[in-house]
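Taken in order, the sequence shown gives residues 1 to 128; the numbers are from UniProt numbering.
Quick notes on the structure that follows.
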Amino acid sequence: MNGWDIDVDGVEFVTGLVGLAMQDMSKDVEAYGTDVQSAAASAGTVSGFYCGPAPTGAVGAALALFAEGTAQDVAMLAARAAKSVNGAHEATGYYILGDEEMAAQAQHRALAAPEVDLPGRGDGGGHK
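Structural data, given as C-alpha cells:
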C-alpha cells in the first residue's frame, strides 16, 4: 500500500490504553458533577438560616456557573476520544483489507470534530 505503514498490533495496544483511560475519565466526569454539587452545598450561604428551602450562596452559585460553563468542554473530551479510537480501528480495518481509499476516508472522518449535544440543550443529549 502506498503511503501507509501501520503497525496493527501497535494500534490495538494504544487504542486499548486509550479505552482504559476513557473508562477512568467517565468515572471522573460522573464524580465531577456530584463533587461540584457537594462543594456548592458545603460552601454555605450569605443569607440567614430562615430564608426558605436550601438557599445558595455566592460560592455555590459560582460553582454551578462554572460547571455549566465547562460541561460542553468535558463532553467534548469524551466524544473526541471515542471518535479518535473508533476512527483508528476503522481505518486499520480497511488497511488490513488493503483498501487504502476507505482507510483514508475513515481517517478523515475521525479527524472531524464530533458534535456534542448536552441534555437540555438540544435533541436530548449525546454525541456523534
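The beta carbon of each residue, even a glycine, is placed where N, CA and C say it ideally should be.
Check	Outcome
May I ask you to report which of helix, strand or coil DSSP gives D117?	strand
Could you tell me the alpha carbon to alpha carbon distance between P114 and A106, rounded to whole angstroms?	14 Å
Is G33 helix, strand or coil by DSSP?	helix
Using CA coordinates, which residue listed in A110, D99, L118 is at the minimum distance from D73?	L118
Closest to D28 by CA distance: which of A43, L77, I96 is it?	L77
Here's the rule: buried if 16 or more other CB atoms are within 10 angstroms of the residue's CB, otherwise exposed. What is T92?	buried
Can you give the beta carbon distance from V116 to A79, rounded, assuming they're within the 8 Å contact cut?	5 Å
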